[in-house]
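A.B. asks:
Numbering (the numbering used here), first residue to last: 25 to 558.
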């Protein structure tokens, strides 16, 4: 499919004859009908082609001596005809279109070769008397039904693989589209709140985002404070604090606070839509190698057709008698041998398979040229969280100051964090449950966006959070500063626990390194790739 061909509605490419695809897949789209059609044609053609091939090959052995040659040829004709005329019909249509448009391509060669082999074989089967005796063995002429059938089945297989690769990329696009919420809660001027479809929103609309809801559109915060999980964009598991004036991105997940935002970028202007457009554009783009292959295939087709014509007239004018029969056989042989055109089949297939497989693993290419450029890459810039690490924080250590013990610090922190949805809090609570601890009840719990949490546990006023929270409440950090610095140097997140206005200790949570990271880095280094962590 040529990416420069754009039209309203479905159809076929006037250059290559392949079915046109939607520029932007929709969640409502089912399976690609062309993929469904080609899959059916392939599985019907495969056993018929195999049977035709085996008949032709076994005819050269004693195994089929009991079967008369003329009957065998008619059986091959019956088996190959539905393969060529039904299973191969889309390719014959593309062949005819390439002739009408005077645009020689792979389908010109495939169609010409298949029709030449099949047409010659039909004449040889139906009217063998048209051929001189020297071309007949036991009253029949050699046929090429197996070549025509096998070429059709192999071409169907290649097209099926390419369409499946495209479907994988489309599935990745649909998964991105599925991240966006379908409705938003609009605040009307009269104070009413109303749930409406995203498509009906306008820039400037005021929207309420309740705790645990997805942010409906890109915008900015007008009221409230909260933390927003932006991992779908950044891969970072730690929520980002949001307050008045901060920007929020559509499809990210709001935390425990309530926000009022102003809608700013909608529809195709949103960040999610731009990401989806990039993926769709990469699927349609063509790498430099693919463009070169198209040019080579164009001249290759013309060259093969030219050689076939020269072969025909060369044998017809200068060959031994019956010269024109030799001419037909030789020209057909040239077309059949050149027919599959590996260059035209392999190049687009490799691009599509690479794009589809990468999308399955969460790797999105800006365009097909980037895939080809990978061979020249000597430096890989990676993000730590979720790439080198698991992306799921885990409890590492609890350290107590004099007058407290580490188990007590860990238990208080876990009890307090029961009311928090923060990933760091979840790691602390998970550790307590893994130890079989019975967590205490929390009273007066409050999540302090960008700072930490506070509440009352067992009658004690607890604060758990960063250094800023401790300083705001006059809690000195010097007793644990050395330990906190040591833990931070190991990439751990450090939280301070205050009890009744006194520092009790610190909690360290870290994102574990993936088990596969060391092996992957070793392999990349062995391949000469320099790794930089951003």
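Just so it is clear, CB atoms sit at the ideal spot from N, CA and C, and this is done for glycine as well.
I'd like the list of long-range same chain contacts for residue 343, defined as Cβ closer than 6 Å, with 5 residues on each side in sequence excluded.
C.D. replies: Same-chain partners within the cutoff: 350.
A.B. asks: Tell me which same chain residues have a C-beta within less than 8 Å of the C-beta of residue 352, skipping the five on either side of it?
C.D. replies: These residues qualify, in order along the chain: 144 and 336.
A.B. asks: According to the Cβ coordinates, are residue 553 and residue 401 closer than 8 Å?
C.D. replies: Cβ atoms of residue 553 and residue 401: closer than 8 Å.
A.B. asks: Take residue 296 as the anchor and find which of 239, 244 and 270 has the nearest alpha-carbon.
C.D. replies: Closest option to residue 296, Cα to Cα, is 239.
A.B. asks: Excluding the 5 residues preceding and the 5 following residue 377 in the sequence, name in chain order all residues of the same chain whose CB lies nearer than 6 Å to its CB.
C.D. replies: The residues are 189.
A.B. asks: Could you tell me the alpha carbon to alpha carbon distance between residue 557 and residue 262, rounded to whole angstroms?
C.D. replies: Their backbone Cα atoms lie some 18 Å apart in a straight line.
A.B. asks: Can you give the beta carbon distance from residue 151 to residue 108, rounded, assuming they're within the 8 Å contact cut?
C.D. replies: At roughly 19 Å, the Cβ-Cβ gap does not stay under 8 Å, so residue 151 and residue 108 are not in contact.
A.B. asks: Does residue 531 come out as helix, strand or coil in the three-state DSSP assignment?
C.D. replies: Residue state, collapsed to three classes: strand.
A.B. asks: Within 10 angstroms of its Cβ, does residue 56 collect 16 or more other Cβ (buried), or is it exposed?
C.D. replies: The residue in question, residue 56, is buried, as its Cβ has 16 or more Cβ neighbours within 10 Å.
A.B. asks: My output table needs one value for residue 375: the three-state DSSP class, helix, strand or coil.
C.D. replies: Residue 375: helix per DSSP, three-state reduction.
A.B. asks: How would you write the range of the beta strand (DSSP E) that residue 221 sits in, first residue to last?
C.D. replies: Note, residue 221: beta strand (DSSP E), 217-221.
A.B. asks: For residue 128, count neighbouring C-beta atoms within 10 Å of its own C-beta (all shown protein chains included) and say buried if the count is 16 or more, exposed if not.
C.D. replies: Result: buried.
A.B. asks: What three-state label does DSSP hand residue 198 in the structure shown?
C.D. replies: Here residue 198 sits in helix by DSSP.
A.B. asks: State the DSSP-derived secondary structure class of residue 497, mapped to helix, strand or coil.
C.D. replies: Residue state, collapsed to three classes: coil.
A.B. asks: Contact defined as beta carbons within less than 8 Å: I believe residue 451 pairs with residue 418. What is the distance between those atoms, to the nearest angstrom?
C.D. replies: The Cβ separation is near 5 Å, so the contact holds.
A.B. asks: Would you call residue 154 buried or exposed, if buried means 16 or more other Cβ atoms sit within 10 Å of its Cβ?
C.D. replies: So residue 154 counts as exposed.
A.B. asks: Between the segment 392-401 and the segment 481-498, do three or more beta carbon pairs fall short of 8 Å?
C.D. replies: Judged by Cβ distances under 8 Å, the segment 392-401 makes no contact with the segment 481-498, as fewer than three pairs qualify.
A.B. asks: With H, G and I counted as helix, E and B as strand and the rest as coil, what does DSSP make of residue 435?
C.D. replies: Of the three classes helix, strand and coil, the one that applies to residue 435 here is helix, per DSSP.
A.B. asks: For residue 100 versus residue 80, is the C-beta spacing smaller than 8 Å?
C.D. replies: Yes. Within cutoff.
A.B. asks: Thinking just about the alpha-carbon of each residue, which of 130, 277 and 142 is nearest to the one in residue 103?
C.D. replies: Checked all of 130, 277 and 142; the closest Cα to residue 103 is 142.
A.B. asks: Should residue 547 go down as buried or exposed, given a rule of 16 or more other Cβ atoms within 10 Å for buried?
C.D. replies: Residue 547 should be labelled exposed.
A.B. asks: Any idea what DSSP makes of residue 404, helix, strand or coil?
C.D. replies: Residue 404: strand per DSSP, three-state reduction.
A.B. asks: Could you pull out every residue in the same chain whose Cβ sits closer than 8 Å to the Cβ of residue 206, ignoring the five residues on either side in sequence?
C.D. replies: Hits under 8 Å: 221 and 222.
A.B. asks: On the three-state DSSP scale, how would you describe residue 446?
C.D. replies: DSSP places residue 446 in coil when its eight states are reduced to three.
A.B. asks: How far does the alpha helix (DSSP H) with residue 101 in it reach, from first residue to last?
C.D. replies: It spans 93-106 - the alpha helix (DSSP H) in which residue 101 sits, taken as one unbroken run.
A.B. asks: Drop a sphere of 10 angstroms on the beta-carbon of residue 130, count the other beta-carbons inside from all chains shown, and report buried for 16 or more, exposed for fewer.
C.D. replies: The residue is buried, with at least 16 neighbouring Cβ atoms inside 10 Å.
A.B. asks: Tell whether a beta-carbon distance below 8 Å holds between residue 283 and residue 254.
C.D. replies: Contact flag unset, no.
A.B. asks: What residues in its chain sit with their C-beta under 8 Å from that of residue 312, if we drop five residues either side in the sequence?
C.D. replies: Excluding positions up to five away in sequence, the list reads 393 and 396.
A.B. asks: Residue 497: which of 124, 525 and 510 sits nearest, CA to CA?
C.D. replies: The shortest C-alpha separation from residue 497 is found at 525.
A.B. asks: Should residue 442 be labelled buried (16 or more other beta-carbon atoms within 10 Å of its own) or exposed?
C.D. replies: Looking at its Cβ environment, which holds 16 or more other Cβ atoms inside 10 Å, residue 442 is buried.
A.B. asks: From the DSSP output, which residues share a beta bridge with residue 478?
C.D. replies: Per DSSP, 470 and 487.
A.B. asks: Reducing DSSP to helix, strand and coil, say where residue 546 ends up.
C.D. replies: Correct three-state label for residue 546: helix.
A.B. asks: Of the choices 508, 325, 115 and 444, whose alpha-carbon is the least far from that of residue 424?
C.D. replies: Closest by alpha carbon: 508.
A.B. asks: Can you name, in chain order, every residue of its own chain whose Cβ lies under 8 Å from the Cβ of residue 504, other than the five neighbours on each side?
C.D. replies: 423, 425, 520, 527, 529 and 530, listed in sequence order.
A.B. asks: When the Cα of residue 111 is compared with those of 96, 539 and 63, which residue comes out closest?
C.D. replies: That would be 63, whose Cα lies nearest to the Cα of residue 111.
A.B. asks: Can you name the residues that DSSP bridges to residue 209?
C.D. replies: Answer by DSSP bridge pairing, in chain order: 219 and 232.
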